[in-house]
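Structure first, then comments.
4 protein chains.
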Amino acid sequence: MPPPDVFVAETSFHVRYAETDAMGIIHHASYIIYFEEGRSSYARQRGASYADFERQGFVLAVTEIHARYVKAVRYDQRITVRSWLAEIKSRTVTFEYEIVDAETGDLFVTGHSKHICLNSKGQISILPENWRGWTLS
Amino acid sequence: MPPPDVFVAETSFHVRYAETDAMGIIHHASYIIYFEEGRSSYARQRGASYADFERQGFVLAVTEIHARYVKAVRYDQRITVRSWLAEIKSRTVTFEYEIVDAETGDLFVTGHSKHICLNSKGQISILPENWRGWTLS
Amino acid sequence: MPPPDVFVAETSFHVRYAETDAMGIIHHASYIIYFEEGRSSYARQRGASYADFERQGFVLAVTEIHARYVKAVRYDQRITVRSWLAEIKSRTVTFEYEIVDAETGDLFVTGHSKHICLNSKGQISILPENWRGWTLS
Amino acid sequence: MPPPDVFVAETSFHVRYAETDAMGIIHHASYIIYFEEGRSSYARQRGASYADFERQGFVLAVTEIHARYVKAVRYDQRITVRSWLAEIKSRTVTFEYEIVDAETGDLFVTGHSKHICLNSKGQISILPENWRGWTLS
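Chains as they are written, first to last, in my numbering: chain G, 24 to 160; chain B, 24 to 160; chain Y, 24 to 160; chain H, 24 to 160.
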């Protein structure tokens with residue numbers, strides 16, 4: 024669960040049939056993409072979309088991914104991805120995530136991702152100003 | 024089936040569990056990616072990899088895709104993708120494909136893709152010289 | 024464009040970063056999955072979700088896919104998938120699709136898909152009653 | 024690096040263009056699928072394919088995934104996925120992975136995945152006999 028006072032971005036959508044596998048459930052790699060959707064949504068809701076981030080000449084490379092799978096999701100279910108900042112430094116960012124049933128709130132998956140800011144030459148860089156100013160709350 | 028005398032590139036691999044869906048079979052969009060693997064393999068076997076194509080400042084944009092699904096593939100099966108040139112002009116290329124069981128030769132999927140050469144500004148361009156020289160055979 | 028008087032289901036969403044490729048645009052296979060999302064949305068809007076279809080013991084297998092790519096989509100764009108029935112017979116269905124810019128209406132991709140109804144033994148079957156009753160409009 | 028005396032399964036393949044993203048590199052979620060390919064290959068090399076596992080009425084559900092990204096992979100590179108058992112108990116399995124450049128041996132990604140055996144009713148079960156007998160080496 025997100026700590027109190029932290030800014031939490033939520034985005035909800037139906038999972039896709041293409042994301043299921045032969046077990047009849049959503050394939051575990053799909054949640055890594057849902058986390059990314061959570062980050063995209065977080066950045067848009069804070070007014071500094073990731074598309075702008077790249078237009079400023081930076082990329083936010085992924086350095087670590089962790090996911091814990093609590094309960095399986097099936098086709099046609101609507102999920103909510105909750106994303107929040109766990110840490111932001113001058114060059115790195117850590118996001119945390121929670122994926123829940125959009126109707127019942129049941130917990131499906133939790134996780135986090137770590138990132139480092141690179142410039143167009145692939146060198147470690149200071150985050151662009153509009154991201155650097157973010158507080159956790 | 025490829026016409027006689029045409030150069031046919033073959034590449035074989037196991038399908039992946041992540042490519043299955045809740046029907047227990049390989050999801051139909053996966054074959055579009057297998058076609059792309061077929062093209063990659065074709066270019067490598069003719070000595071002009073698609074990575075080189077892009078390093079010369081071009082991209083080969085897809086303008087059309089068609090696939091006909093004859094028989095379903097299941098997890099753990101090994102498939103062979105056969106790819107050949109159906110047409111090559113100064114600015115466009117058409118590939119045809121056949122995906123078969125790597126053991127029995129049973130036909131799974133057929134299809135084709137059409138492409139146009141673009142330069143780094145997104146303008147329609149003449150194909151790089153090492154591709155332009157390709158004959159169908 | 025959909026013919027007049029036909030029932031058209033629309034669904035809109037942001038494309039995902041994971042769906043881009045090294046050309047900087049949405050990979051062409053992603054649209055095949057957007058078509059599927061269009062079908063899912065069509066069935067939900069007509070009150071007979073595809074999840075129910077499978078719960079009745081049937082699957083709707085894909086027999087053919089066609090896509091024509093008019094203009095590339097980039098990360099962060101919002102698209103609208105329009106889906107409609109082109110033909111429905113006792114055992115088969117054909118859907119047509121149009122993917123446009125959700126803001127400007129610019130056309131990105133058109134296509135169609137053909138399907139056949141199978142029962143749990145993989146035999147060709149008559150469509151379940153709630154789908155069979157669909158008219159094009 | 025795998026501990027000494029442990030059985031390590033290796034599988035090598037070209038990464039796919041569809042797996043790249045707009046950063047020009049392989050998308051981070053693709054490695055989660057490469058890990059799965061590593062597990063598939065591990066099971067085949069030990070003579071008890073995961074397809075057989077499911078045919079015996081079980082599934083191996085993923086409970087946790089972790090990946091650390093050291094260096095990016097680009098289109099056309101050949102990678103080797105090395106997979107080994109880190110722990111096997113009556114109902115759970117932990118795999119570890121290392122993804123390296125197939126030519127130079129350069130390290131790209133490390134990770135692990137945890138799994139639990141479920142029967143066809145979704146209940147936690149003892150692993151099938153041919154897997155239970157596996158030692159780490």
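Even glycine gets a Cβ: it sits at the ideal position worked out from N, Cα and C.
Under a CB-based cut-off of 8 Å, is ALA71/G close to chain Y? The count along the first sequence starts at 1 and reaches residue 71/G at position 48. It does not: the Cβ of ALA71/G has no partner Cβ on chain Y nearer than 8 Å.
What does DSSP give as the partner residue(s) for TYR92/Y in the beta ladder? For this step, residue 92/Y is matched to residue 69 along the third sequence. Its beta-bridge partners are VAL132/Y.
Alpha carbon to alpha carbon, what distance is there between PHE131/Y and PHE81/H? If you number the fourth sequence from 1, residue 81/H lands on position 58. If you number the third sequence from 1, residue 131/Y lands on position 108. So the two alpha carbons sit approximately 43 Å from each other.
Proximal chain B residues relative to ASP44/G, where beta-carbon distance stays under 8 Å: Counting from 1 along the first sequence, the entry for residue 44/G is found at position 21. The contacting residues are TYR40, ALA41, THR43, ASP44, ALA45.
The beta strand (DSSP E) spanning SER106/H covers which residue range? Position 83 of the fourth sequence, counted from the start, is the residue given in the question as residue 106/H. 101-111 is the span of the beta strand (DSSP E), which, as asked, contains SER106/H.
I'd like the span of the beta strand (DSSP E) that includes SER35/H, first residue to last. What you label residue 35/H is simply residue 12 of the fourth sequence in a count that begins at 1. From DSSP, the beta strand (DSSP E) with SER35/H extends over 32-37.
Can you grab the Cα-Cα spacing for the pair ARG22/H / ARG101/H, in whole Å? Residue 22/H cannot be examined here, being either before or after the span of chain H that is shown, 24 to 160.
Helix, strand or coil: how does DSSP classify ALA71/Y here? Position 48 of the third sequence, counting from 1, holds the residue named residue 71/Y. The answer is coil: DSSP assigns ALA71/Y none of H, G, I, E or B.
Three or more C-beta pairs under 8 Å: does that hold for the segment 111-121 of chain Y against the segment 137-146 of chain Y? yes
Less than 6 Å between C-beta atoms, sequence neighbours within five positions excluded: which residues of the same chain meet that for GLY61/B? Indexing the second sequence from 1 puts residue 61/B at position 38. Cβ contact annotation for GLY61/B (same chain, cutoff 6 Å, sequence separation greater than five): VAL104, SER106, TYR120, in chain order.
Is ALA90/H closer than 8 Å to GLU87/G when the C-beta atoms are compared? Position 64 of the first sequence, counting from 1, holds the residue named residue 87/G. Position 67 of the fourth sequence, counting from 1, holds the residue named residue 90/H. Yes; because the gap between Cβ atoms is below 8 Å, this pair is in contact.
Would you please state the rounded distance, in angstroms, between the beta carbons of LEU108/B and TRP157/B? I believe it to be under 8 Å. Within the second sequence, numbered from 1, the residue matching residue 108/B stands at position 85. Within the second sequence, numbered from 1, the residue matching residue 157/B stands at position 134. LEU108/B to TRP157/B, Cβ: 6 Å. Contact.
Is ILE55/Y closer than 8 Å to ILE168/B when the C-beta atoms are compared? Only positions 24 to 160 of chain B appear in the structure, and residue 168/B is not among them; the question remains open.
LEU141/B beta carbon less than 8 Å from that of SER148/B: Along the second sequence, one-based indexing puts residue 148/B at 125. Along the second sequence, one-based indexing puts residue 141/B at 118. For SER148/B and LEU141/B, yes; Cβs fall inside 8 Å.
Does the Cβ of VAL8/Y have 16 or more other Cβ atoms within 10 Å, making it buried, or fewer, making it exposed? The structure shown does not extend to residue 8/Y, since chain Y spans only 24 to 160, so no value can be given for it.
Under 7 Å, CB to CB, which of the residues in the segment 89-110 of chain H have a partner in chain G? When C-beta distances to chain G are compared with 7 Å, the residues of the segment 89-110 of chain H below that value are HIS89, ALA90, ARG91, TYR92, in chain order.
Compute the minimum distance between the beta carbon of THR103/H and the heavy atoms of the ligand FMN, and state whether it is under 7 Å. For the structure depicted, the ligand FMN is absent and the ligand set is empty, with no information on it obtainable.
Along the alpha helix (DSSP H) that carries HIS152/G, what are the first and last residues, could you check? Position 129 of the first sequence, counted from the start, is the residue given in the question as residue 152/G. Per the sequence presented here, residue 152/G reads as Glu, with His not at that position. Counting along the chain, the alpha helix (DSSP H) containing GLU152/G begins and ends at 152-155.
Helix, strand or coil at GLU126/H according to DSSP, with G and I counted as helix: Locating residue 126/H in the fourth sequence gives position 103, where the first residue counts as 1. Three-state DSSP puts GLU126/H in coil, outside helix and strand.
What does the alpha-carbon distance come out to for the pair HIS50/H and ASP28/Y? The count along the fourth sequence starts at 1 and reaches residue 50/H at position 27. The count along the third sequence starts at 1 and reaches residue 28/Y at position 5. So the alpha carbons of these two residues sit roughly 43 Å apart.
DSSP state of ALA45/B, grouped into three classes? Here residue 45/B refers to the residue found at position 22 when the second sequence is read from its first residue. It is coil, neither helix nor strand.
What residue from THR34/G, ILE122/G, GLY145/G has the CA that sits closest to TYR65/G's CA? For this step, residue 65/G is matched to residue 42 along the first sequence. Among THR34/G, ILE122/G, GLY145/G, the Cα nearest to that of TYR65/G is on THR34/G.
Kindly indicate if chain H contains any beta-carbon less than 8 Å away from that of THR86/G. Stepping through the first sequence from its first residue, residue 86/G is reached at position 63. A Cβ of chain H is located within less than 8 Å of the beta carbon of THR86/G.
Looking only at DSSP bridge pairs, what is PHE76/G linked to? Position 53 of the first sequence, counting from 1, holds the residue named residue 76/G. Per DSSP, none; premise fails for PHE76/G.
For SER63/B, count the other beta carbons within 10 Å of its own beta carbon; 16 or more makes it buried, fewer makes it exposed. Which is it? In the second sequence, residue 63/B corresponds to position 40, counting from 1. Burial call: buried.
When the cut-off is 8 Å and only beta carbons count, does HIS50/H lie next to chain Y? Position 27 of the fourth sequence, counting from 1, holds the residue named residue 50/H. At least one chain Y Cβ lies under 8 Å of HIS50/H.
Using a cut-off of 8 Å between C-beta atoms, extract the partners of PHE36/G located in chain Y. The residue given as residue 36/G occupies position 13 in the first sequence. Result: PHE36.
With 8 Å as the threshold, decide whether the Cβ of SER63/G is near any Cβ in chain Y. Taking the first sequence and counting its residues from 1, the one referred to as residue 63/G is at position 40. Yes, its Cβ sits closer than 8 Å to a Cβ of chain Y.
State buried or exposed for GLU110/Y, treating a residue as buried only when at least 16 other CB atoms are found within 10 Å of its CB. Taking the third sequence and counting its residues from 1, the one referred to as residue 110/Y is at position 87. With fewer than 16 other beta carbons inside 10 angstroms of its own, GLU110/Y counts as exposed.
Between GLU152/Y and SER143/Y, what straight-line distance do the alpha-carbon atoms span, to the nearest angstrom? Locating residue 152/Y in the third sequence gives position 129, where the first residue counts as 1. Locating residue 143/Y in the third sequence gives position 120, where the first residue counts as 1. Each residue's alpha carbon lies about 16 Å from the other.
Report back the beta-carbon spacing between ASP44/B and THR43/G to the nearest angstrom; my notes put them in contact at under 8 Å. Your numbering for residue 44/B matches position 21 in the second sequence. Your numbering for residue 43/G matches position 20 in the first sequence. Right, the Cβ-Cβ distance comes to about 5 Å (below 8 Å), so this counts as a contact.
Strictly below 8 Å CB to CB, what residues from chain Y border GLU82/B? The residue labelled residue 82/B in the question sits at position 59 within the second sequence. Just to set this straight, residue 82/B is Val in the shown sequence, not Glu. Residues of chain Y passing the Cβ test: MET46.
Among the residues of its own chain, which have a CB less than 6 Å from the CB of HIS53/B, if the five just before and after it don't count? The sequence position of residue 53/B within the second sequence is 30, counting from 1. The sequence shown places Ser at residue 53/B, not His. Once the five neighbours on either side are set aside, the close Cβ partners of SER53/B are GLU42.
Identified DSSP bridge partners for ILE147/B: In the second sequence, counting from the first residue as 1, residue 147/B sits at position 124. ILE147/B pairs with LEU141/B.
Identify the contact partners of ILE56/H in chain G, using a Cβ-Cβ distance below 8 Å as the criterion. Here residue 56/H refers to the residue found at position 33 of the fourth sequence. Ordered by position in chain G, the residues that pass the 8 Å Cβ test against ILE56/H are ALA52.
Would you please verify whether the beta carbon of ALA74/G is less than 8 Å from any beta carbon of chain Y? Translated into positions along the first sequence, residue 74/G becomes position 51. Chain Y contact via Cβ: present.
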